[in-house]
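Asker: Start counting the sequence shown at 1; every next residue gets the next number (the working numbering).
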Amino acid sequence: MASRSVNKVILLGRLGKDAETKFTPSGVARSTFTLATNRRWKDQQSGEWKEETDWHNILLWRAENVANYLLKGKQVYVEGRLQTRSYDDKDGQKKYFTEVVCDELILLGGRGDTAEAPAGPAGEFAPPVSMPRSAPRPPAAAPEPPDDLNQGITDDDVPF
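1) Would a C-beta distance cut-off of 8 Å place residue 59 and residue 100 closer than the cut-off?
2) List, from N- to C-terminal side, the beta strand (DSSP E) runs of 3 residues or more that fit wholly inside the stretch 74–102.
3) Kindly indicate the opening and closing residues of the beta strand (DSSP E) around residue 39.
4) Quick check on residue 66: does DSSP put it in helix, strand or coil?
5) Measuring CB to CB, does residue 63 end up less than 8 Å from residue 20?
6) What residues in its chain sit with their C-beta under 6 Å from that of residue 87, if we drop five residues either side in the sequence?
7) Alpha carbon to alpha carbon, how far is residue 73 from residue 6?
8) In whole angstroms, what is the alpha-carbon distance linking residue 56 and residue 34?
9) Going straight from the alpha carbon of residue 24 to that of residue 75, what length do you get?
10) With DSSP as the reference, identify every bridge partner of residue 48, one or two as the case may be.
11) Under DSSP, the beta strand (DSSP E) around residue 9 begins and ends at which residues?
12) Tell whether a beta-carbon distance below 8 Å holds between residue 28 and residue 81.
13) With DSSP run on the structure shown, which of helix, strand or coil describes residue 71?
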């Protein structure tokens with residue numbers, strides 16, 4: 001019987017800097033960014049609240065335009081898997097690098113922004129994940145298509 005294993009990462013945090021997209025020699029988009037997650041707890045000794053920030057390296061394949069939306073301070077939801085790679089530095093020392101290979105990405109907003117952005121390798125739009133009841137809710141308004149595309153469409157034709 002084969003043993004089973006799981007390599008699943010779910011993160012909700014803010015971007016530490018703008019995402020950067022480069023292309024492989026064969027033309028495949030490779031976007032990278034850092035994501036900060038915070039943990040807050042009350043110190044049992046002093047009774048003071050303490051906070052700790054962890055930084056995560058994120059890698060997203062085949063999302064050419066995602067860097068236009070992934071800007072420093074934006075809040076995002078990331079699902080993926082951990083991957084560790086190694087390389088030899090200039091002194092011949094072996095270095096290890098762990099990153100999250102992103103399978104799903106949802107832009108939640110940040111710095112006052114509430115717009116959605118493409119998610120996942122296919123670039124489809126995805127709704128935001130659940131937010132706390134206390135979080136401010138953005139108005140649910142879809143952009144209007146140009147007038148020539150609206151001809152002949154009634155409210156009964158819209159699926160929602």
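Where is the CB? At the ideal position from N, CA and C, for every residue including glycine.
Answerer: According to the structure data:
1) yes
2) 75–88
3) 29–42
4) helix
5) no
6) 95
7) 30 Å
8) 6 Å
9) 27 Å
10) Per DSSP, none; premise fails for residue 48.
11) 9–15
12) no
13) coil
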